[in-house]
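Chains as they are written, first to last, in our numbering: chain A, 1015 to 1889; chain B, 1015 to 1889. No residue lacks a Cβ here, since even glycine has one placed at the ideal position from N, Cα and C. Data first, discussion second: the structure below is written as structure tokens.
There are 2 protein chains.
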Amino acid sequence: MAEKYVYMFSEGNGSMKNLLGGKGANLCEMTGLGMPVPQGFIVTTEACTLYNSSGKVLSGDIKGQIDAAMAKLEVINGKRFGDDANPLLVSVRSGARASMPGMMDTVLNLGLNDTAVEAVAKNSGNPRWAYDSYRRFIMMFSDVVIGVEKHKFERQLSKYKEEKGYKFDLDMTADDWKAVVALFKQIYKDDQGTDFPQTAKDQLFEAISAVFRSWDNPRAFVYRRMNDIPYEWGTAVNVQTMVYGNMGDTSGTGVAFSRNPATGEDALYGEYLINAQGEDVVAGVRTPSKIADLGKDMPAIYDQFAAIAKTLEKHYKDMQDMEFTIENGTLYMLQTRNGKRTAQAALKVAVDLVAEGLLTEEEAVLKVDPKQLDQLLHPVFETKALKAAKPIGKALPASPGAACGKVYFTSEDAKAAAARGEKVILVRLETSPEDIEGMFVSQGILTVKGGMTSHAAVVARGMGRCCVSGCEAIKMNEEDKSFTLGGGAYREGDVISLDGSTGNIYGEAITTIEPEIEGNFAVFMGWADKVRRLGVRTNADTPQDARRAVEFGAEGIGLVRTEHMFFDEDRIPKMRVMILCDTEAERIAALNDLLPYQKRDFIGIYEAMKELPVTIRLLDPPLHEFLPKEDEDFEKLAAMMGKTSAELKTKAQSLHELNPMMGHRGCRLAVSYPEIAVMQTRAIIEAALSVKKDKGYDIAPEIMIPLVGDIKELRFVKEIIKSTADKLIAESGVALQYHVGTMIEIPRAALLADKIAQEAEFFSFGTNDLTQMTYGLSRDDAGRILDDYIGRNIYEGDPTAKLDQDGVGRLMKWAVDKGRSARPNLKLGICGEHGGDPSSIEFCEKIGLNYVSCSPFRVPIARLAAAQAAINGKK
Amino acid sequence: MAEKYVYMFSEGNGSMKNLLGGKGANLCEMTGLGMPVPQGFIVTTEACTLYNSSGKVLSGDIKGQIDAAMAKLEVINGKRFGDDANPLLVSVRSGARASMPGMMDTVLNLGLNDTAVEAVAKNSGNPRWAYDSYRRFIMMFSDVVIGVEKHKFERQLSKYKEEKGYKFDLDMTADDWKAVVALFKQIYKDDQGTDFPQTAKDQLFEAISAVFRSWDNPRAFVYRRMNDIPYEWGTAVNVQTMVYGNMGDTSGTGVAFSRNPATGEDALYGEYLINAQGEDVVAGVRTPSKIADLGKDMPAIYDQFAAIAKTLEKHYKDMQDMEFTIENGTLYMLQTRNGKRTAQAALKVAVDLVAEGLLTEEEAVLKVDPKQLDQLLHPVFETKALKAAKPIGKALPASPGAACGKVYFTSEDAKAAAARGEKVILVRLETSPEDIEGMFVSQGILTVKGGMTSHAAVVARGMGRCCVSGCEAIKMNEEDKSFTLGGGAYREGDVISLDGSTGNIYGEAITTIEPEIEGNFAVFMGWADKVRRLGVRTNADTPQDARRAVEFGAEGIGLVRTEHMFFDEDRIPKMRVMILCDTEAERIAALNDLLPYQKRDFIGIYEAMKELPVTIRLLDPPLHEFLPKEDEDFEKLAAMMGKTSAELKTKAQSLHELNPMMGHRGCRLAVSYPEIAVMQTRAIIEAALSVKKDKGYDIAPEIMIPLVGDIKELRFVKEIIKSTADKLIAESGVALQYHVGTMIEIPRAALLADKIAQEAEFFSFGTNDLTQMTYGLSRDDAGRILDDYIGRNIYEGDPTAKLDQDGVGRLMKWAVDKGRSARPNLKLGICGEHGGDPSSIEFCEKIGLNYVSCSPFRVPIARLAAAQAAINGKK
């Protein structure tokens, strides 16, 4: 049997979104519910894919099916498409699986031509309206289907009104519109060299093809890329009988939500216009009335609409966003969909719907997009202040939240300003580990270079600092401590504002308001936690981060990056001595200097976490990352070490690597310098013993060995840890448990997970590195490559931003199965950035990990995503 | 039941090498054959492993088993170990699975002490011999078991002889030896603070422990590393009743091969000494006689030995290397093993044994080590000239063969000298792709930096040039065109010699002789080819290489690296223009300049290969590898392009990558610059059409896309290739087949092999990169890491040098299974360096690849290894 490419509204239903698009599936569903929907049919997304992959031609088969559907629609309406006497007019709209601005939207009144318009004028008794409709159709069709520039028509209309001395469209008579129709048709002819198409069928096929083509246009591209919508989805086309809100005072059109999308309050919320078409509401020429007023204007219609809204809400079990038209006193529903809402509203609606008995708790948990919770955890701009402000630039929304403060250009200056009590925005070409403290004291960070996974972006997200990155439009003058952007110059101390959720940059102060986490949040997250199977831990390197994460619901730390502790001003010189000294004895001495610092850090973290589990990773980055870059720093260090700057530089040079990501780092450092692992183990164990003695907390540190690829190297490093730890514990006379496990971030470790699990008590998937190695793609170097791949439609977006379930996922699944086969109680977690990404969390649930770990600010998101994954897993 | 750690010679047999070591298993086998073997027992390799992993203590269990074995040996010999009246004396020798110099070798006469020596003197009636034996034992035991420095004893003996006015040991009387025994015991006491051990059991346990410990000593370590012997194997210990060749003129000792190990001639070959112990033969104090003379000295013994030799040869079906002792007219066999031999001899013996009906052809194929064939394919030094020469230095034997020539320090100078007809040795700090031509015209290459997998090493092996790499002892003066090494200074034009098989460097001319491939080679390889299943192809980038590989038996080309073609003097400027130009149009113009060159190359290769398959890989390395390094070159290029040097440098800088191995290379280049793939496809197809027209060869080029990790990128590049190729073929009017496939070198491609195989007609495993990615280890940066890993016993050697069957192997097996599941006739090959490594080839046979591809000079090795793998696979 041939593929079915066209569905009547009565043939589909709400579950067919993938095939019919969101709008179309809901029109079918409303039809099925017996609601007043102008009937029509849908050309499927599969037809779109076929169209775009076969030379942009509508196949004869598809055309045939459209013809057949149109014949049925003619019967339903008792009119004929393209008829001279009683013509059927339709709208043509795109409708993808997800709502997609940037694509071809709507053509109204399709089917009109020079004879049909006469018939419509006669049949309606309203020739002014008929010619108005025809000129609208000519303009829309020419603009969105054919691509004739819209302003040509607008300019012509303005000119006509000027000549006539008219001020408003309302001044135009039937004859005026008739004259304009002739003028518009001439514009078309001048532009295209052919007459405006008079055959209704041709108009229809052209319009449907244009919708399909618009799936391929650059704006749609950009939107899909930003919203992770695969190109394969395609769009459907809705062909629907026209109804008119502009037939007089018993007609009108409006949009409304079944509840307040800003607050969640349970009351119809929306606007309408009497005697208008939908585009008039959008155009903003007339001020619409509040939906409540419809109750006075047309009480019966209002009641009917309110009842439909409630029915739809009950049917969809969610707040609805609806479009309607009233034609000569008859209500028509043109659209319904689940309404977009703020995070606050989302929580209130979810909690209220449970209270109303409409949803179970589990159903409610599925109603909130985890990513939206971000809004609740970061400062936002005051709405009024924001409306008044105009951005001076825009770059990548690297870390959410709003920030306002004085600009400073170095970490030092930022720290000094913060110490004076100033609010600070740190502006840097790009950040490096040495900027950590400066970032920490800042409200927000703005960088000229770097993407969504740059150092600035990753660290800022971890800290919960607002960050806008990669603003290449900035002209920096670092010496002068100033920059220019959007035509303005900004010097040290000038105030700017950043929106880390949109990437907007403002050259002025905008009031921010701190987020309030109110009651609904706790109730809602309680439901989520009840159903969740996956544990949620946090990645935290400081007691502050640890405490915040616990407040956000973290159940432990999945990753303490010990290297971050060494960039502190006091410590980095000792670290550098450790790296550049000549003998093991000198290195041990330098490490002994570092030990008290590291121990103090761990005590702070243990105390913050009380008895929750803490996983500490041994030193990971290549040592050259800790070395100075500036001559001045080399000289200081040389003086300290009693060497020459040249000697140190030579040594530093010898540490250079061609591919540092695949170089001397991770457990390879512990193999070369066991004394580093010894020092870190001492700090971990001594701190735990000390906290146990002082506070009575029973801590069982989890010591994690990074970059393992072979059972023997794991065994070697584990042996160092065990001999050091066991001795300390024995000497202390205090009973202390500890565990030794490994990161799984080298493909070979995943492949040999059954062997690795013989020595490792736990695995934590380091999916950042694992993804890069599995793809053979360095994120640091991927910028240009990804641009080309995305531009050429090979990748939808950065393939490393979400867990690659196909490739890396196969490896993880293998590692989970093999690991548990060798050690049934193996504890499995993930601590890459994917640990805070909802779709990745769903995958972690599927393959049966024990926990995910993410930055503190993503903990609530992870809790919710894990809950949703658990519920979806049951289905 | 308890583990059995000790075997009497009568309990074992020749198949138990893993447990009993090679020497021990053969002693058991000879015992079983009823040959005259001094009886004894073997402490197993498992006991060694237990000893070294449990604190270097002999367990009570093992000691008990040794005691029991010794009791049996006492019964066999009718003597008692440690007895005052009739003491049993034994030798203690190490014996690993493979022969291993560098380990503790031998302690003779164990069981002697102050009273036993008296009994031996009395019973033998030869007190001089008894005390001589005792002093030898004290020295050996102190030296090899306890670690007292040997020269202390030697000095003492010299002093004693001097005082006595003796010239030779023969001058010493029984009393002299008795006096020396006392002096030696004093040396022991002075050194150790205790008396020389008098209890035979203690001596034995000490000696056995010392053998086990010697498995762990640095020399053994180095040897294992060089010979790929796993640490886990351990060594066995042979404890054997002493027999004496130094009891008078009816005694003697010798070593002999059953055939000539240099030529393979079928005649006993070896030496013996009358009235001597084995160590005297080795010491070289007396000149031994040829084994043939034993027929005159002791005809009966000679006949007995010759018969035993033939029996052993028949029994082992191989040439034997034997040790024997004659004690008072009785022959004892002390050892037999398959004899080491030259490649020439190996082939002759194999061919002869088949002719003699002793071996089947398949058995003969297994008798030759594939690696040995290297000797047959490269020049070697004339034996006499080599013996007279003394190396001035030694570095890594990076590419086999011998070379002699005048040193030059730049590729230009080397080319100029070669053009003058000189023989050239190219000496470089390290080589880069720009040196290719210089390397090509040289006899050998010597580098200061770089390991076995450095650019110099890899390219030299590919070209079959001798190369010694990583000679850090060289002090280079590049400006002055000179270097110093081993105390000598060498300037441009001075003659040196290199041995690429040993790594030796000589500061003088040594005559080399070209290899001769004679009849046995062809016969033998014919047998190998008959049984071989795997195809053998070659990696070749030039017609010369292709032709040579075909001579060596290559059945096609598995990898043409197109990038090597662009480093040619004429071409590199055009390549650089292509990379640094600003527009696609300029790039296409530059590519059009390159097209004729590339096409000519392919024509040459096709013509050389006739109709054998040729796999051509599209451009792979990151573009920055082609860019100039010197200012001068930038200026030349800038002049050529009408730009400034600064502009070009900025552009070049922008191509810099942090991790180039995981950067913009492979198929990613074709995605960014489809015009490159178009040009290369044109060259490939036009060349094939041209050769088909001119020569009538029916060529079906295999176009290989590198670095694929995703089905969509493969599809994208394949589409470029197909649209280009199909058009050219259609225009030509000539029928031409071609195939499109991919490298599997990114872990993700292996993981998703079922998807990749939907688009790829063939896979070629690029195990160089696949291994590095799977290990997360960059070979360029691995030097320091590997030193530490090997030093700490984590790796036995460079884990990337052979195919990592555990990790990478799992991935390959997965890819083979998944790939074939999606495309049953998928053609599978390997073109990494592992394609020429015998153990890796065996793995390729196991997982069912269709072919291996390796450098031309490794083709015969691969043919033989593939044949052996096929035979072993049948077992």
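Return the CA-CA distance between Lys1217 of chain A and Val1057 of chain A, expressed in angstroms with no decimal places.
First, the amino acid is wrong: residue 1217 of chain A is Gln here, not Lys. Going from the Cα of Gln1217 of chain A to the Cα of Val1057 of chain A covers about 15 Å.
Relative to the C-alpha of Glu1565 of chain B, which residue among B:Arg1872, B:Pro1101, B:Glu1088, B:Ser1172 is closest?
Closest option to Glu1565 of chain B, Cα to Cα, is B:Arg1872.
Are any of the Cβ atoms in chain B nearer than 8 Å to that of Gly1677 of chain A?
Gly1677 of chain A counts as touching chain B.
Report yes or no: do the region 1637 to 1651 of chain B and the region 1667 to 1675 of chain B share at least 3 C-beta pairs separated by less than 8 Å?
Yes: at least three Cβ pairs fall under 8 Å.
Along chain B, in chain order, which residues have C-beta atoms closer than 9 Å to that of Val1462 of chain A?
Within 9 Å Cβ-Cβ: nothing; Val1462 of chain A doesn't reach chain B, min ~15 Å.
Can you tell me where the beta strand (DSSP E) with Pro1411 of chain B in it begins and where it stops?
Looking at the DSSP string, the run of the beta strand (DSSP E) that includes Pro1411 of chain B is 1410 to 1413.
If we define contact as Cβ-Cβ less than 8 Å, is Pro1244 of chain B a contact residue for chain A?
Not an interface residue.
For the alpha helix (DSSP H) holding Gly1805 of chain B, just list the boundary residues, first then last.
Start and end: 1796 to 1805.
If you draw a straight line from the alpha carbon of Lys1888 of chain A to that of Asp1543 of chain B, how long is it in whole angstroms?
Cα-Cα distance, rounded: 59 Å.
Less than 8 Å between CB atoms is the rule here; does Ile1799 of chain B satisfy it with respect to chain A?
Chain A contact via Cβ: present.
Can you name the residues that DSSP bridges to Val1628 of chain A?
Val1628 of chain A pairs with A:Ile1571.
Name the residue from B:Glu1377, B:Ala1082, B:Phe1235 whose alpha carbon lies nearest to the alpha carbon of Tyr1330 of chain B.
If we check each option's Cα against that of Tyr1330 of chain B, B:Glu1377 comes out closest.
Please list, in chain order, the chain A residues whose beta carbon lies closer than 7 Å to that of Phe1730 of chain B.
Going along chain A in sequence order, the residues near Phe1730 of chain B (Cβ under 7 Å) are Arg1806, Ile1808.
Quick check: is the beta carbon of Asp1802 of chain B nearer than 8 Å to any beta carbon in chain A?
With 8 Å as the cut-off, Asp1802 of chain B counts as an interface residue toward chain A.
For the ligand FMN, is there any heavy atom lying closer than 7 Å to the beta carbon of Ile1315 of chain A?
Annotation note on the ligand FMN: not contained in the displayed structure, which lists no ligands.
Please confirm whether Val1685 of chain A has its beta-carbon closer than 8 Å to some beta-carbon of chain B.
Yes, Val1685 of chain A lies at the interface with chain B (some Cβ there is under 8 Å from its Cβ).
DSSP state of Cys1595 of chain B, grouped into three classes?
Here Cys1595 of chain B sits in coil by DSSP.
Report the rounded CA-to-CA distance for Gly1026 of chain A versus Lys1354 of chain A, giving the unit in angstroms.
Roughly 24 Å separates the two Cα atoms.
Select from B:Lys1173, B:Asp1596, B:Asp1555, B:Ala1560 the residue whose C-alpha is nearest the C-alpha of Asp1582 of chain B.
It is B:Asp1555 whose Cα lies nearest to the Cα of Asp1582 of chain B.
By how many angstroms is the C-alpha of Phe1210 of chain B removed from the C-alpha of Lys1203 of chain B?
Their backbone Cα atoms lie some 7 Å apart in a straight line.
Can you give the Cα-Cα distance for Ala1881 of chain B and Glu1733 of chain A, rounded to whole angstroms?
Distance between the alpha carbons of Ala1881 of chain B and Glu1733 of chain A is about 43 Å.
Here's the rule: buried if 16 or more other CB atoms are within 10 angstroms of the residue's CB, otherwise exposed. What is Asn1886 of chain B?
With fewer than 16 other Cβ atoms within 10 Å, it is exposed.
Hey, Ala1560 of chain A and Ile1619 of chain A: beta-carbon distance below 8 Å or not?
Yes, they are a contact pair.
Any idea which residues DSSP pairs Ser1867 of chain A with across the strands?
Answer is A:Arg1551.
Given a limit of 7 Å on CB to CB distance, which residues of the region 1817 to 1841 of chain A reach chain B?
Here the close residues are Asp1820, Gly1821, Arg1824, Leu1825.
Considering only the beta carbon of each residue, do Glu1341 of chain B and Gly1259 of chain B sit closer than 8 Å?
Yes, Cβ-Cβ distance for Glu1341 of chain B and Gly1259 of chain B is below 8 Å.
Can you give me the Cβ contacts of Ala1099 of chain B inside the same chain, cut-off strictly under 7 Å, excluding the 5 residues immediately before and after it?
Result list for Ala1099 of chain B: Ala1133, in chain order.
Hey, Thr1255 of chain B and Leu1102 of chain B: beta-carbon distance below 8 Å or not?
Closer than 8 Å, so yes.
Quick one: list the residues of chain B neighbouring Phe1760 of chain A, beta-carbon separation under 7 Å, in chain order.
Looking at the sequence provided, one finds Ile at residue 1760 of chain A rather than Phe. Residues of chain B passing the Cβ test: Tyr1789, Gly1790.
Give me, in chain order, the residues of the same chain whose beta-carbon lies closer than 8 Å to that of Ala1432 of chain A; leave out the 5 immediate sequence neighbours on both sides.
Only Val1438, Val1455, Ser1456 meet the Cβ criterion.
Counting Cβ pairs, one atom from each stretch, are 3 or more of them under 8 Å apart for the region 1513 to 1530 of chain B and the region 1381 to 1395 of chain B?
Taking 8 Å as the limit for Cβ pairs, the verdict is that the region 1381 to 1395 of chain B does touch the region 1513 to 1530 of chain B.
Just curious, the beta strand (DSSP E) that Val973 of chain B is in, first and last residue?
It is not possible to answer for residue 973 of chain B, since the shown part of chain B is limited to 1015 through 1889.
From what residue to what residue does the beta strand (DSSP E) around Gln1819 of chain B run?
Careful: Gln1819 of chain B lies outside any beta strand (DSSP E) and carries neither H nor E.
Using DSSP with H/G/I as helix, E/B as strand and the rest coil, what is Lys1489 of chain B?
Three-state result, Lys1489 of chain B: strand.
Can you give, in chain order, each stretch of the beta strand (DSSP E) that sits fully within the region 1284 to 1361 of chain A and has at least 3 residues?
Runs of the beta strand (DSSP E) inside the region 1284 to 1361 of chain A: 1334 to 1341, 1344 to 1352.
Does the beta-carbon of Val1473 of chain A have 16 or more other beta-carbons within 10 angstroms, so that it is buried, or is it exposed?
Counting Cβ neighbours within 10 Å, Val1473 of chain A comes out buried, since at least 16 surround it.
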